[in-house]
Amino acid sequence: MTPLLRVSGLTRMYGGRVGCKDVSFELWPGEVMGIVGESGSGKTTLLGCLSARLDPSSGTVEYDTREDGLTDIHALSEPRRRMLMRTDWGIVHQNPRDGLRMGVSAGANVGERLMAVGARHYGAIRAQAGEWLRKVEIDAERIDDLPLTFSGGMLQRLQIARNLVTHPRLIFMDEPTGGLDVSVQARLLDLLRRLVTDLGLAAVVVTHDLAVARLLAHRLMVMRRGEVVETGLTDQVLDDPHHPYTQLLVSSVLQP
Amino acid sequence: MTVMIEVAALSKSYVLHTQGGVEIPVFAGAALSVGTGECVTLHGPSGAGKSTLLRCLYGNCKPDAGAIRVRHEGAAVDIASAAPRVVLEVRKRTLGYVSQFLRAIPRVPALDVVAEPLRALGVDAEAARTRAGELLARLRIPERMWHLAPATFSGGEQQRVNIARGFAARHPILLLDEPTASLDARNRAVVIDLIGQAKDEGAALVGVFHDDEVREAVSTRIHSMQG
Numbered sequence: 018m019t020p021l022l023r024v025s026g027l028t029r030m031y032g033g034r035v036g037c038k039d040v041s042f043e044l045w046p047g048e049v050m051g052i053v054g055e056s057g058s059g060k061t062t063l064l065g066c067l068s069a070r071l072d073p074s075s076g077t078v079e080y081d082t083r084e085d086g087l088t089d090i091h092a093l094s095e096p097r098r099r100m101l102m103r104t105d106w107g108i109v110h111q112n113p114r115d116g117l118r119m120g121v122s123a124g125a126n127v128g129e130r131l132m133a134v135g136a137r138h139y140g141a142i143r144a145q146a147g148e149w150l151r152k153v154e155i156d157a158e159r160i161d162d163l164p165l166t167f168s169g170g171m172l173q174r175l176q177i178a179r180n181l182v183t184h185p186r187l188i189f190m191d192e193p194t195g196g197l198d199v200s201v202q203a204r205l206l207d208l209l210r211r212l213v214t215d216l217g218l219a220a221v222v223v224t225h226d227l228a229v230a231r232l233l234a235h236r237l238m239v240m241r242r243g244e245v246v247e248t249g250l251t252d253q254v255l256d257d258p259h260h261p262y263t264q265l266l267v268s269s270v271l272q273p
Numbered sequence: 004m005t006v007m008i009e010v011a012a013l014s015k016s017y018v019l020h021t022q023g024g025v026e027i028p029v030f031a032g033a034a035l036s037v038g039t040g041e042c043v044t045l046h047g048p049s050g051a052g053k054s055t056l057l058r059c060l061y062g063n064c065k066p067d068a069g070a071i072r073v074r075h076e077g078a079a080v081d082i083a084s085a086a087p088r089v090v091l092e093v094r095k096r097t098l099g100y101v102s103q104f105l106r107a108i109p110r111v112p113a114l115d116v117v118a119e120p121l122r123a124l125g126v127d128a129e130a131a132r133t134r135a136g137e138l139l140a141r142l143r144i145p146e147r148m149w150h151l152a153p154a155t156f157s158g159g160e161q162q163r164v165n166i167a168r169g170f171a172a173r174h175p176i177l178l179l180d181e182p183t184a185s186l187d188a189r190n191r192a193v194v195i196d197l198i199g200q201a202k203d204e205g206a207a208l209v210g211v212f213h214d215d216e217v218r219e220a221v222s223t224r225i226h227s228m229q230g
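Chains as they are written, first to last, in this note's numbering: chain A, 18 to 273; chain B, 4 to 230.
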């Protein structure tokens, strides 16, 4: 069996400052990895490099492409990289406005991804878009509404539908529940958990919320100042943390 | 009898970095062997490391040294050194854990909480729910509550939902961390029954039981631990 993603010695510098340093790991099909750590620890930089939106200073990110097996994504041609992003990957941004087109309808936001991979039949595209709106619990009557009229939680669910409609194998999520109030968060988390399990998706989820990490991630990577300080099974890292920084993170959480 | 768990030279200590780096040794050189149809009770004073040993067996605690070989699908897997995805696979098929605390997931109804370990094994929804319903009924959770999320249940009800979940998938190995704590006599008897049944079906069980009556009723062997 081949890992879906193999990261070796990944480093990204911003001038003289470290974004992330010497990160290595493998992600397997169906596996959800959480990246935790406080603001500025390099989580989003790492996610950017993994999803080919940022160039690394050194190191490689290999992805198991359908044609050639493990291939360094940063060495791919721009068209192939774009094709990969459209067909195999999904990216869920913290701010749904970054991942949606706010000027076109909800249905078009979902349908657009299908058209990008070659779907042309209007009726079929609309039917699939409607089906995905239902899966993310958005009322089918809203299919022709602009996202501008949606609440924050609905926007985030719409962004998820837009990403999953093409059945990606790997999905990157940056603080997917950030900025949502807790009841909306719970609904979104339950939805994400179910979709990830049902579709057998692999995912990399960046979050600073340890409860979100516990619910979604199979394993964790703890980052501090751009470096990975601890890794392991999610419940083991949270219940028996070894690194001083992880212990500090875990003990700093307020119990409601 | 087949050996299902073989613990060798296991050592564990906690280092509390946020409290001046205090080191708390828990146990050193621990050994334990558990076979099919056995229920081994870990016994010893508070602080002897009973729960820590159970948690190590489940991969929830990371030992400093030693091996925990578990028989998984006919082959030995060392939980102490296995990759996370391997530990998760062993938990799915081989290793069950029953504690008194339920980690409720928002919006998931009790019946699905209990059925989930079976669904993960690929059992179809109908059969998984039937088995879940039987267990909930045995543990006296009224049927009108099955379709509600357990977050709003009382402590005792949540505990019984968690016990039902732990027994649902009939794992070949079951780890029991005080499953009967704070249960009333009737429900305690149900849990004793469930444990007996698992033993008869050939499961290997390791448990911590504070209740003398439960301990005497279920143990085939006592493994004594000193703090």
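Built from N, CA and C at the ideal position, the CB exists for glycine as well.
Report, in whole angstroms, the separation of the C-beta atoms of residue i and residue j, which I expect to be a contact under 8 Å.
i: residue 263(A); j: residue 247(A); result: 5 Å
i: residue 73(A); j: residue 43(A); result: Between residue 43(A) and residue 73(A) the Cβ distance is about 17 Å, and since that is not below 8 Å, they are no contact.
i: residue 172(A); j: residue 164(A); result: 6 Å
i: residue 267(A); j: residue 227(A); result: 7 Å
i: residue 239(A); j: residue 54(A); result: 6 Å
i: residue 259(A); j: residue 91(B); result: Not confirmed; about 20 Å, so no contact.
i: residue 135(B); j: residue 117(B); result: 4 Å
i: residue 45(B); j: residue 228(B); result: 6 Å
Taking only beta-carbon positions, decide if residue i is within less than 8 Å of chain A.
i: residue 91(B); result: yes
i: residue 155(B); result: no
i: residue 88(B); result: yes
i: residue 71(B); result: no
i: residue 42(B); result: no
i: residue 165(B); result: no
i: residue 193(B); result: no
i: residue 174(B); result: no
i: residue 213(B); result: no
i: residue 97(B); result: no
i: residue 62(B); result: yes
i: residue 27(B); result: no
i: residue 65(B); result: yes
Spell out whether any CB of chain B is found under 8 Å from the CB atom of residue i.
i: residue 225(A); result: no
i: residue 97(A); result: no
i: residue 207(A); result: yes
i: residue 235(A); result: yes
i: residue 203(A); result: yes
i: residue 268(A); result: yes
i: residue 265(A); result: yes
i: residue 150(A); result: no
Do residue i and residue j have their C-beta atoms closer together than 8 Å?
i: residue 153(A); j: residue 187(A); result: no
i: residue 29(B); j: residue 15(B); result: yes
i: residue 6(B); j: residue 94(B); result: no
i: residue 99(A); j: residue 62(A); result: no
i: residue 78(B); j: residue 111(B); result: no
i: residue 77(A); j: residue 85(A); result: no
i: residue 167(B); j: residue 208(B); result: no
i: residue 286(A); j: residue 125(A); result: With chain A covering only 18 through 273, there is no way to say anything about residue 286(A).
i: residue 220(A); j: residue 49(A); result: yes
i: residue 165(B); j: residue 253(A); result: no
i: residue 229(A); j: residue 251(A); result: no
i: residue 75(A); j: residue 241(A); result: no
i: residue 83(B); j: residue 70(B); result: yes
i: residue 39(B); j: residue 205(B); result: yes
i: residue 191(B); j: residue 211(B); result: no
Quick one: what's got a C-beta closer than 8 Å to residue i's C-beta in the same chain, skipping five residues either side?
i: residue 185(B); result: 103, 158, 159 and 162
i: residue 147(A); result: 124, 157 and 160
i: residue 114(B); result: 132, 135, 136, 139, 149 and 150
i: residue 26(A); result: 39, 40, 41, 75, 76 and 77
Excluding the 5 residues preceding and the 5 following residue i in the sequence, name in chain order all residues of the same chain whose CB lies nearer than 7 Å to its CB.
i: residue 134(A); result: 103, 104 and 183
i: residue 123(B); result: 95
i: residue 210(A); result: 232 and 233
i: residue 11(B); result: 34, 69 and 70
i: residue 181(B); result: 103, 211, 212 and 213
Please go through the same chain and pick out, in chain order, the residues whose beta-carbon is closer than 6 Å to the beta-carbon of residue i, but skip the five residues on each side of it.
i: residue 38(A); result: 28, 243 and 244
i: residue 61(B); result: 100 and 178
i: residue 138(A); result: none
i: residue 26(B); result: 16 and 18
i: residue 169(B); result: 99 and 101
| When you check each C-beta in the segment 248-262 of chain A against every C-beta of chain C, which residues fall closer than 7 Å? | Looking for chain C here will not work: the only protein chains present are A and B.
| Every unbroken beta strand (DSSP E) inside the segment 163-193 of chain A [3 residues or more] | Counting whole runs of 3 or more residues, the segment 163-193 of chain A contains the beta strand (DSSP E) stretches 187-191.
| task | Counting only runs of 4+ residues fully inside the segment 22-83 of chain B, write out the alpha helix (DSSP H) ranges in chain order. | result | 53-61
| 4-residue-minimum alpha helix (DSSP H) runs that sit fully inside the segment 121-172 of chain B, ordered along the chain | 128-141 and 158-171
| request: Please go through the segment 20-106 of chain A and give each complete beta strand (DSSP E) segment of 3 or more residues, from N-terminal end onward. | output: With a minimum length of 3 residues, the continuous beta strand (DSSP E) runs that stay inside the segment 20-106 of chain A are 22-31, 34-44, 49-53, 75-82 and 86-89.
| said: So within the segment 183-244 of chain A, which uninterrupted alpha helix (DSSP H) runs reach at least 4 residues, ignoring any that extend past its ends? | reply: 199-216 and 227-233
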